[in-house]
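Working notes for the structure below.
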Amino acid sequence: MTQTVSRPAAGARKQPLPLDVEAIRADFPILSRTVRDGKRLVYLDSGATSQKPRSVLDAERDFYENHNAAPHRGAHQLAEEATGLYEAARARIAEFIGAAVEEVVFTRNTTDAINTVAYALSNAATAKEPSFRRYAVGQGDEIVVTQMEHHANLVPWQQLCERTGATLRWLGLTDDGRLDLTDLDTVVNERTKLVAVTQQSNILGTINPLEAIVARAHAVGALVLVDGAQSVPHQPVDVAALGADFLVFSGHKMLGPTGVGVLWGRYEVLDALPPFLTGGSMIEVVRMEGSTFMPPPQRFEAGVPMTAQVVGLGAAVEYLQALGMENVQAHEEALTAYALEQLQAIPGVTVIGPPDTVARGGAISFTVDGIHPHDVGQVLDDHGVAVRVGHHCAWPVVRRYGVPATTRATFYVHTGYDDVDALVEGVRAAQRFFGVTPEEATA
Amino acid sequence: MQLQSMYQDIILDHYRNPHGRGLRDPFEAEVHHVNPTCGDEVTLRVHLDGETIADVSYEGMGCSISQASVSAMYDLVVGRPVTEALATGESFVALMQSKGDPAVAERLEDELEDAVAFAGVSKYPARIKCALMSWMALKDASARALAAPTTVTGGQA
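Chains as they are written, first to last, in the UniProt record's numbering: chain A, 1 to 443; chain B, 1 to 157.
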């Protein structure tokens with residue numbers, strides 16, 4: 001087969017961007033700094049952690065300067081105000097994902113949220129309270145994940161299986177970076193207790209067809225946990241439309257502070273789960289002989305919470321709501337289309353993941369022939385372009401595609417075509433630097 | 001451009017034409033080291049003649065820094081007593097901790113030969129572990145080889 005690569009004319013496929021990039025950049029103090037001897041910071045690593053707009057920083061500062069107290073305890077005015085701000089943020093975040101307020105549990109991050117569910121399922125097996133045993137996982141049960149999962153949505157399930165004697169099964173991947181659902185009906189079966197699947201791959205960018213997976217899981221009575229760490233920040237997500245039982249995501253990937261994440265759970269499911277971490281705040285009555293626990297969400301929020309961070313996340317959600325998540329998604333899709341076209345026009349560059357924007361988000365992983373991803377990343381860094389390199393906490397994925405690692409660019413609300421151009425120029429510079437510029441094919 | 005300070009020609013030469021690459025028999029110890037943050041790996045064998053390193057053989061995958069480092073290390077340690085080789089390893093660690101201080105590189109130049117070219121790497125904290133992986137593997141393998149009762153030939157340790 002003869003393959004010809006036609007080079008797009010400069011400026012090809014640049015759809016008008018829905019978001020005003022210049023105005024948005026002005027909201028992010030860090031984007032005005034320079035790196036590596038005066039280079040403009042081209043931040044293409046939002047998939048690892050996002051930068052924070054001033055309104056989020058202000059919300060945290062205002063909390064500490066004017067309202068700081070431990071929420072849900074204390075009889076003083078500050079405690080009232082702190083509780084009010086904490087719960088107002090919960091209400092805003094619930095509204096953002098179409099959830100009921102009491103279904104939103106604050107965790108440290110996505111990893112913490114997934115572990116909360118995984119430990120609840122094994123704790124259920126030994127719970128004294130019969131109502132907590134409904135979702136107990138044990139020998140003969142199966143947990144299903146996919147080969148696409150971030151380590152955070154894989155290792156806790158491996159560990160759950162080790163603790164309980166359950167069996168871990170998984171759905172594989174196709175060559176073009178999508179879930180292979182041909183054996184969905186055998187992998188997800190009447191022994192399945194829970195299916196844990198990502199909505200958007202952090203490495204491939206793939207957006208998964210969750211409807212089919214949720215329908216099959218529920219048909220066999222299994223719970224579904226959706227990892228929304230890479231979807232909730234980048235596309236509208238509504239838990240009612242999703243139909244899953246759990247949705248987990250991190251604040252720091254969606255313009256919010258580090259140290260706060262969300263576990264959303266369908267109320268009747270949350271209410272039937274025993275706690276993971278125990279201690280203050282989550283109890284109802286404590287006696288020396290034993291204790292009873294609060295209903296959700298408090299049952300899963302032991303200890304004084306990360307109050308300022310929750311308030312900051314509330315401000316981040318407010319910022320995203322003002323932009324409109326449909327606009328955020330369309331913005332990234334336009335950038336992704338352009339970036340995929342520009343990158344794939346470079347001889348020697350291979351995109352690992354879907355090659356076009358069909359059911360695809362803005363995480364673009366790629367390899368460059370003859371240059372290790374670390375070295376690509378180093379040259380990009382020298383140009384002021386911040387990307388992620390390595391296995392992206394998804395080691396089975398890079399192994400599946402036979403590469404040692406990839407270079408990954410991710411986009412967000414402040415990303416513009418100039419950032420993509422800087423990436424593309426940086427990749428070409430890496431090829432020149434390492435002397436691996438292949439012959440350019442001509443149309 | 002700061003890149004040249006890290007990617008010295010000597011480093012790129014070792015990367016493109018590595019010295020001593022490939023796993024060889026005989027050997028007393030084989031170790032496999034990975035860098036869990038990035039997935040770089042090296043499998044390294046040590047063959048001792050008494051207390052002298054008679055051969056170091058290796059296979060690995062990783063970035064130019066990690067691959068060039070193991071090649072430069074091969075040149076430095078083969079034919080030398082284990083204790084001397086490991087002392088040189090300590091000097092290399094000192095170079096990696098020098099944060100680009102030229103005085104450190106100057107002091108260690110004679111001892112580290114080609115490996116002193118890695119001085120520029122010390123300015124990039126994220127890459128220091130790439131340069132050190134092979135030296136850590138050597139330290140590990142040497143200790144095991146000294147403790148190993150027998151030489152392995154034609155098989156796995």
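Heads up, the beta-carbon is just placed ideally off N, CA and C, and yes, glycines get one too.
State the beta-bridge partners of D381 of chain A as determined by DSSP. Answer is none; D381 of chain A lacks a bridge partner.
Can you pull the chain A residues whose beta carbon is under 7 Å from the beta carbon of M61 of chain B, in chain order? P404
Can you check whether the CB of H67 of chain A is closer than 8 Å to the CB of A48 of chain A? No, Cβ-Cβ distance for A48 of chain A and H67 of chain A is not below 8 Å.
Please report the distance separating the alpha-carbon of A120 of chain A from that of A337 of chain A. 41 Å
Locate the alpha helix (DSSP H) running through N123 of chain A, then write down its first and last residues. 110–126
Please classify V358 of chain A as buried or exposed, where buried requires at least 16 neighbouring CB atoms within 10 angstroms. Result: exposed.
Let me check understanding here. Comparing Cα to Cα, which of A:R408, A:V349, A:Q329 lies closest to S365 of chain A? When only C-alpha atoms are compared, the closest one is A:R408.
Tell whether a beta-carbon distance below 8 Å holds between A79 of chain A and A89 of chain A. no
Pull up the CB-CB distance for V403 of chain A and I352 of chain A, whole angstroms please, since I reckon it's below 8 Å. 7 Å
Please state if the CB of A125 of chain A and the CB of V137 of chain A are separated by a distance shorter than 8 Å. Yes. Within cutoff.
Helix, strand or coil: which one does DSSP assign to T442 of chain A? Note on T442 of chain A: pLDDT 41, under 50, position unreliable in the model; the coordinate value appears next. Three-state DSSP puts T442 of chain A in coil, outside helix and strand.
Between the beta-carbon of P406 of chain A and the beta-carbon of I203 of chain A, is there less than 8 Å? With the sequence shown as reference, residue 406 of chain A is identified as Thr, and Pro is not the correct amino acid for it. Yes, these two residues count as a Cβ contact at 8 Å.
Residue environment, A441 of chain A, which counts as buried when at least 16 other CB atoms sit within 10 Å: Residue placement at A441 of chain A is flagged as unreliable, the pLDDT there being 45, under the threshold of 50; the coordinate-derived value follows with that caveat. Exposed, because fewer than 16 other Cβ atoms sit within 10 Å of the Cβ of A441 of chain A.
Assumed close pair A113 of chain A, V226 of chain A - CB separation to whole angstroms, cut-off 8 Å: With a Cβ gap of about 11 Å, A113 of chain A and V226 of chain A do not count as contacting.
Using only CA atoms, which one of A:G290, A:L270, A:A272, A:L273 lies nearest to G279 of chain A? A:G290
Any residues in the region 381–392 of chain A with a beta carbon nearer than 9 Å to a beta carbon of chain B? Which ones, in chain order? If the cut-off is 9 Å between Cβ atoms, the region 381–392 of chain A has D381, D382, V389, G390, H391 near chain B.
Taking a contact to mean a Cβ-Cβ separation below 8 Å, would you say A241 of chain A touches V188 of chain A in this structure? no
Taking only beta-carbon atoms, is F433 of chain A less than 8 Å away from chain B? It does; some Cβ of chain B falls within 8 Å.
is_contact[T37 of chain B, chain A] using C-beta, thresh 8 Å: yes
For the region 8–20 of chain B, enumerate the residues whose C-beta is nearer than 8 Å to any C-beta of chain A, in chain order. Within the region 8–20 of chain B, the residues whose Cβ lies closer than 8 Å to some Cβ of chain A are L12, listed in chain order.
Residues near V214 of chain A by beta carbon distance below 7 Å, same chain, minus five either side: V224, G243, A244
Should S6 of chain A go down as buried or exposed, given a rule of 16 or more other Cβ atoms within 10 Å for buried? Summary for S6 of chain A: the model assigns pLDDT 45, below 50, so the residue's position carries little reliability; its value from the coordinates is reported in the next sentence. It is exposed - the Cβ of S6 of chain A has fewer than 16 other Cβ atoms within 10 Å.
Can you list, in chain order, the residues of its chain whose CB lies under 7 Å from that of P18 of chain B, leaving out five sequence neighbours each side? Q67, S71
What residue range does the beta strand (DSSP E) around T192 of chain A cover? Counting along the chain, the beta strand (DSSP E) containing T192 of chain A begins and ends at 192–198.
Are the C-beta of V155 of chain A and some C-beta of chain B separated by less than 8 Å? Taking Cβ atoms only, chain B never reaches closer than 8 Å to V155 of chain A, which makes this a no.
One or two residues paired with H76 of chain A in a DSSP bridge: Looking at the DSSP assignment, H76 of chain A forms no beta bridge with any residue, so it has no partner.
How would you list, in chain order, the residues of chain B whose beta-carbon sits under 9 Å from the beta-carbon of residue 456 of chain A? Lying outside 1 to 443, the shown extent of chain A, residue 456 of chain A is not represented and no answer is given.
Measure the Cβ-Cβ separation of A137 of chain B and F118 of chain B and say whether it is below 8 Å. No.
Taking the C-alpha atoms as reference points, what is the distance between L340 of chain A and H331 of chain A? 14 Å
Residues of chain B with a CB under 8 Å from the CB of V398 of chain A: which are they? G39
Supposed contact pair L277 of chain A and A302 of chain A - C-beta distance, whole angstroms, cut 8 Å: 4 Å
Got a sec: is the Cβ-Cβ distance from A157 of chain B to anything in chain A below 8 Å? For A157 of chain B, the pLDDT reaches just 43, beneath the cut-off of 50, and the residue's location in the model is therefore unreliable, leaving the point undetermined.
Straight-line gap, E149 of chain A to L108 of chain B (C-alpha atoms, nearest Å): 46 Å
Excluding the 5 residues flanking T2 of chain A on each side, which residues of the same chain have their C-beta closer than 6 Å to its C-beta? Interpretation of T2 of chain A is limited by its pLDDT of 40, a score under 50 that renders its predicted location unreliable; the figure taken from the coordinates is listed afterwards. Correct list: empty, nothing qualifies.
Round the Cβ separation of Y74 of chain B and L23 of chain B to the nearest angstrom and send it over; I've been treating them as touching at under 8 Å. That pair is no contact at about 13 Å.
In chain order, which alpha helix (DSSP H) runs of at least 4 residues are fully inside the region 28–75 of chain A? 54–62
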